[in-house]
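These notes concern the structure reproduced below.
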Ligand code: ADP
Ligand code: MG
Ligand code: MG
């Protein structure tokens with residue numbers, strides 16, 4: 263059977279052959295089908311084996327593929343999901359075990375990597391000096407993805423890929439193909455990002471623009487275009503008093519469904535409280551009068567001295583920058599996952615870009631804890647607010663938070679956070695010959711329940727599919743992600759994703775951060791250095807990294823000296839070489855970690871430079887990389903401020919700012935105009951020492 267979504271209703275389109283819920287191959291009957299068949303072969307969601315013809319118009323299919331997601335079926339509500347949870351977990355684990363053993367000996371994949379940038383589409387209202395987010399993502403994606411369809415039919419390469427994101431005003435862009443291992447690739451990263459932005463801008467209407475920022479006025483009355491007020495009686499908008507359903511991307515049911523199911527599992531809507539920045543005229547205690555739109559829940563959940571928010575969109579509607587890279591084999595991927603974990607807070611602090619939430623200056627500089635709270639589906643019992651009765655554990659973190667364990671065998675000495683997991687699931691992994699550290703990591707992820715279950719896809723072939731595994735893995739949103747190869751894409755190997763970075767305003771900066779992270783991986787592999795520290799310290803550093811001006815105001819726990827890893831992947835033969843965990847840890851500033859400390863840690867940048875000296879790098883590429891490294895180095899010293907710092911200064915010196923933490927429409931309007939303008943000091947600062955856009 264073939265089901266598609268039509269105006270959000272499940273529509274039965276055709277009987278093709280009995281009990282078939284997807285496509286794998288079909289015998290093309292006409293020239294048009296021939297094109298379509300080629301098109302379907304390139305779609306990773308193609309799954310079951312069936313030979314059929316169909317009378318569904320190509321436009322219907324194309325328009326549904328256009329979202330990059332051929333709808334998989336009808337999503338279950340939370341109540342409908344509950345009876346299937348254990349089954350899905352059991353089979354998700356089975357799928358992982360099968361996948362692991364099928365691909366564990368895969369070796370020799372080259373470095374490939376790629377970025378993901380999320381953009382916000384905004385619209386200026388010059389007459390009223392107001393800026394809104396423009397909820398046209400679906401329309402824009404239809405046009406942006408048209409190029410992908412043509413390329414798929416013609417067999418030509420994509421320049422970029424565009425995907426929907428949580429907000430109806432957001433789009434995600436990635437390079438069309440991952441970059442390869444040649445260092446010269448660093449020369450094209452920024453150019454691709456620049457072109458991506460230009461392509462989007464060409465599709466925009468007058469007064470619209472595309473910015474790689476998290477919009478500061480999300481949830482403020484009238485923040486969307488078209489202007490749709492929040493309706494707390496609307497269950498589809500998770501009963502938010504600030505967030506209208508239309509600000510969620512509705513082109514695919516998954517975002518709305520996820521929002522509702524998180525609320526369903528938690529037992530109430532989410533409550534996000536960010537500490538307010540107390541300025542000279544900010545009332546103390548700061549207590550918002552929510553009586554105009556809130557109910558008793560809101561008055562109860564809104565903490566004094568905090569900015570209160572009540573919808574997943576306040577977090578997932580922020581924009582991020584992520585980098586995924588491929589490892590030579592599974593061991594290297596696991597090792598890199600661990601080595602990069604302690605670096606994640608450093609990059610979070612260095613990229614701080616989000617000081618305003620719901621139009622108010624907050625006391626933090628980044629989005630991390632806000633997203634974490636925005637998808638926190640833990641029950642009252644799991645949050646430790648009621649004695650355990652129906653839930654199994656008290657769980658310290660939301661499903662969006664930093665990782666609780668390292669996964670490479672020799673790192674286990676540093677795993678000092680007690681892990682919750684279901685013994686049966688753990689045993690299933692051990693019985694399936696998954697080693698202990700990996701089994702614990704997967705079992706710990708599987709304490710989370712699935713939120714995206716499709717009625718037609720509960721029964722699966724566990725040899726061929728990894729969908730149940732992915733449902734849980736991809737909604738454990740951690741600072742790092744260990745990505746097994748997909749079961750059906752032989753060109754993709756074991757990968758690791760670096761996820762903490764805040765998206766930057768300019769392509770130059772985004773390229774700099776991505777290249778920095780990729781270069782770090784090369785340097786770490788090449789010199790076999792280790793940065794491991796007890797994992798609880800990483801959790802602590804993540805907290806510090808979000809503090810106001812963390813780059814300058816905070817110290818971070820970090821390895822004091824240079825230490826070579828005695829058990830880097832090729833050397834791994836059992837655990838005898840692992841040795842006891844190092845105690846060689848001290849508190850360092852970001853400057854010391856990045857630029858080095860006299861008679862101490864040499865600094866990540868000088869290590870990367872040493873790596874580059876030993877590599878064969880052409881002059882042009884070295885020049886590009888140098889500019890990126892100089893920029894990162896200056897961010898670390900404070901010579902170039904973070905976007906968060908710059909934004910705070912802008913707000914605090916704006917004539918309309920009353921020093922009461924309120925960032926009103928006029929200030930946001932001028933702020934957005936400033937970030938779009940040519941005379942942006944912030945940018946000139948960055949480019950002043952010879953850095954230039956290509
Ligand atoms: P996610 O699951 O994080 O959304 P995506 O599929 O959007 O992941 O891809 C993230 C990035 O990974 C993209 O920039 C893409 O180019 C890159 N990528 C794709 N294939 C590979 C690969 N084999 N190795 C490394 N990166 C890859
Ligand atoms: Mg993606
Ligand atoms: Mg990603």
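In the working numbering, the protein residues as written are 263 to 956. Where is the CB? At the ideal position from N, CA and C, for every residue including glycine.
- Is the region 541 to 555 close to the region 648 to 659, with three or more CB pairs under 8 Å? Between the region 541 to 555 and the region 648 to 659, the count of Cβ pairs shorter than 8 Å is below three; the stretches do not touch.
- Compute every distance between the C-beta of residue 378 and the non-hydrogen atoms of ligand 3, then say whether any falls below 6 Å. Start at 1 with the first residue of the chain shown, and residue 378 comes out as number 116. Yes, the Cβ of residue 378 comes within 6 Å of a heavy atom of ligand 3.
- Message: Cutting at 7 Å between CB atoms, please list the residues of its own chain near residue 391, excluding the five before and the five after it.
- Response: For the purposes of this step, residue 391 is taken as the residue at position 129 of the chain shown. 927, 928 and 931.
- Query: Anyone know if the C-beta pair for residue 574 and residue 637 falls short of 7 Å?
  - Reply: Within the chain shown, the letter at position 312 stands for residue 574. Within the chain shown, the letter at position 375 stands for residue 637. Yes, these two residues count as a Cβ contact at 7 Å.
- Selected residue, minimal CA-CA separation from residue 827, among 650, 804 and 790: By 1-based counting over the chain shown, the position of residue 827 is 565. Relative to residue 827, the option among 650, 804 and 790 whose CA is nearest is 790.
- Between which two residues does the alpha helix (DSSP H) carrying residue 587 extend? Along the chain shown, read from residue 1 onward, the residue named residue 587 stands at position 325. Annotation for residue 587: no alpha helix (DSSP H) segment contains it, though the beta strand (DSSP E) segment containing it runs 583 to 588.
- Would you call the region 344 to 354 and the region 430 to 441 in contact, with 3 or more CB pairs under 8 Å? Segment contact: the region 344 to 354 against the region 430 to 441, fewer than three CB-CB distances shorter than 8 Å; contact not assigned.
- Message: With H, G and I counted as helix, E and B as strand and the rest as coil, what does DSSP make of residue 934?
- Response: Here residue 934 refers to the residue found at position 672 when the chain shown is read from its first residue. In the three-state reduction of the DSSP assignment, residue 934 falls in the helix class, which pools H, G and I.
- Message: Buried or exposed for residue 860, going by 16 or more other Cβ atoms inside 10 Å?
- Response: As a working mapping, residue 860 is identified with position 598 in the chain shown. Counting Cβ neighbours within 10 Å, residue 860 comes out exposed, since fewer than 16 surround it.
- Measuring alpha carbon to alpha carbon, tell me which of 591, 414, 845 and 781 ends up nearest residue 366. The residue given as residue 366 occupies position 104 in the chain shown. Closest in alpha carbon position to residue 366, among 591, 414, 845 and 781, is 591.
- Among 710, 730, 901 and 708, which residue has its Cα nearest to the Cα of residue 718? Walking along the chain shown from the start, residue 718 turns up at place 456. Closest in C-alpha terms to residue 718, from the list 710, 730, 901 and 708, comes 730.
- Query: In or out: residue 921 buried (at least 16 other Cβ within 10 Å) or exposed?
  - Reply: As a first step, residue 921 is located in the chain shown; it is residue number 659 there, counting from the start. Residue 921 is exposed by the Cβ-count criterion.
- Query: Using CA coordinates, which residue listed in 353, 809, 410 and 851 is at the minimum distance from residue 686?
  - Reply: Your numbering for residue 686 matches position 424 in the chain shown. Checking every option, the nearest Cα to that of residue 686 belongs to 353.
- In or out: residue 845 buried (at least 16 other Cβ within 10 Å) or exposed? Taking the chain shown and counting its residues from 1, the one referred to as residue 845 is at position 583. Classification for residue 845: exposed.
- Message: My output table needs one value for residue 973: the three-state DSSP class, helix, strand or coil.
- Response: Residue 973 cannot be examined here, being either before or after the span of the chain that is shown, 263 to 956.
- Buried or exposed: which applies to residue 713, given that a residue is buried once 16 or more other Cβ atoms fall within 10 Å of its Cβ? In the chain shown, the residue the question calls residue 713 occupies position 451. Burial state of residue 713 is buried, judged by a 10 Å Cβ sphere holding 16 or more other Cβ atoms.
- Beta-carbon proximity check, residue 395 vs residue 486, cutoff 7 Å: Against the chain shown, residue 395 aligns to sequence position 133. Against the chain shown, residue 486 aligns to sequence position 224. Yes.
- Message: Under DSSP, the beta strand (DSSP E) around residue 422 begins and ends at which residues?
- Response: The residue given as residue 422 occupies position 160 in the chain shown. Its beta strand (DSSP E) spans residues 422 to 426.
- In terms of residues, what are the limits of the alpha helix (DSSP H) holding residue 363? For the purposes of this step, residue 363 is taken as the residue at position 101 of the chain shown. Element bounds for residue 363: 347 to 365.
- Excluding sequence positions up to five away, which residues of its chain have a Cβ less than 7 Å from the Cβ of residue 874? The sequence position of residue 874 within the chain shown is 612, counting from 1. So the qualifying residues of the chain are 884 and 887.
- Item | Pair within 7 Å by beta-carbon distance, residue 361 and residue 749 | By 1-based counting over the chain shown, the position of residue 361 is 99. By 1-based counting over the chain shown, the position of residue 749 is 487. Against a cut-off of 7 Å, the Cβ pair of residue 749 and residue 361 comes out as a contact.
- Exposed unless 16 or more other CB atoms sit within 10 angstroms - verdict on residue 453: Translated into positions along the chain shown, residue 453 becomes position 191. So residue 453 counts as exposed.
- Measure the Cβ-Cβ separation of residue 442 and residue 576 and say whether it is below 7 Å. Residue mapping note: residue 442 aligns to position 180 of the chain shown, counting from 1. Residue mapping note: residue 576 aligns to position 314 of the chain shown, counting from 1. Not a contact, by the Cβ cut-off of 7 Å.
- Item | Length at least 4, wholly inside the region 683 to 760: the alpha helix (DSSP H) runs in chain order | For the alpha helix (DSSP H) assignment, the uninterrupted runs of no fewer than 4 residues enclosed by the region 683 to 760 are, from N- to C-terminal side, 685 to 693, 698 to 707 and 729 to 735.
- Item | Rounded C-alpha distance that separates residue 596 from residue 422 | In the chain shown, the residue the question calls residue 596 occupies position 334. In the chain shown, the residue the question calls residue 422 occupies position 160. So the alpha carbons of these two residues sit roughly 28 Å apart.
- Nearest neighbour of residue 601, chosen from 830, 721, 853 and 570 [CA to CA]: Taking the chain shown and counting its residues from 1, the one referred to as residue 601 is at position 339. Of 830, 721, 853 and 570, the residue nearest in Cα terms is 830.
- Message: I want to know whether the region 521 to 540 touches the region 636 to 651 - three or more CB-CB distances under 8 Å.
- Response: As far as the Cβ criterion goes, the region 521 to 540 touches the region 636 to 651, which means the pair count is three or higher.
- residue 910: buried (16+ other C-beta within 10 angstroms of its C-beta) or exposed? Position 648 of the chain shown holds residue 910. With at least 16 other beta carbons inside 10 angstroms of its own, residue 910 counts as buried.
- Could you tell me which uninterrupted alpha helix (DSSP H) segments, each at least 4 residues in length, are contained entirely in the region 852 to 884, listed from first to last along the chain? Qualifying alpha helix (DSSP H) stretches, in chain order: 852 to 857 and 866 to 876.
- Could you check which residue in 355, 855 and 555 has the C-alpha nearest to that of residue 724? Taking the first residue of the chain shown as position 1, residue 724 is located at position 462. Per the C-alpha coordinates, the member of 355, 855 and 555 positioned closest to residue 724 is 355.
- When the Cα of residue 664 is compared with those of 498, 759, 473 and 410, which residue comes out closest? Residue 664 sits at position 402 when you count from the first residue of the chain shown. Distance from the Cα of residue 664 is smallest, within the candidate group 498, 759, 473 and 410, for 759.
- Query: Does ligand 3 have even one heavy atom less than 6 Å from the beta-carbon of residue 584?
  - Reply: For the purposes of this step, residue 584 is identified with residue 322 of the chain shown, where counting begins at 1. Correct: residue 584 has its Cβ closer than 6 Å to ligand 3.
- Task: Would you tell me roughly how many angstroms separate the C-alpha atoms of residue 624 and residue 571, rounded to the nearest one?
- Result: Walking along the chain shown from the start, residue 624 turns up at place 362. Walking along the chain shown from the start, residue 571 turns up at place 309. Rounded to whole angstroms, residue 624 to residue 571 spans 12 Å at the Cα level.
- Message: For residue 872, tell me which candidate among 788, 813, 923 and 483 has the shortest Cα-Cα distance.
- Response: Taking the first residue of the chain shown as position 1, residue 872 is located at position 610. Of the candidates 788, 813, 923 and 483, the one whose C-alpha sits nearest the C-alpha of residue 872 is 788.
- CB-CB length for residue 451 against residue 402, believed under 8 Å: Numbered from 1 along the chain shown, position 189 holds the residue referred to as residue 451. Numbered from 1 along the chain shown, position 140 holds the residue referred to as residue 402. A Cβ-Cβ separation of about 23 Å leaves residue 451 out of contact with residue 402 under the 8 Å criterion.
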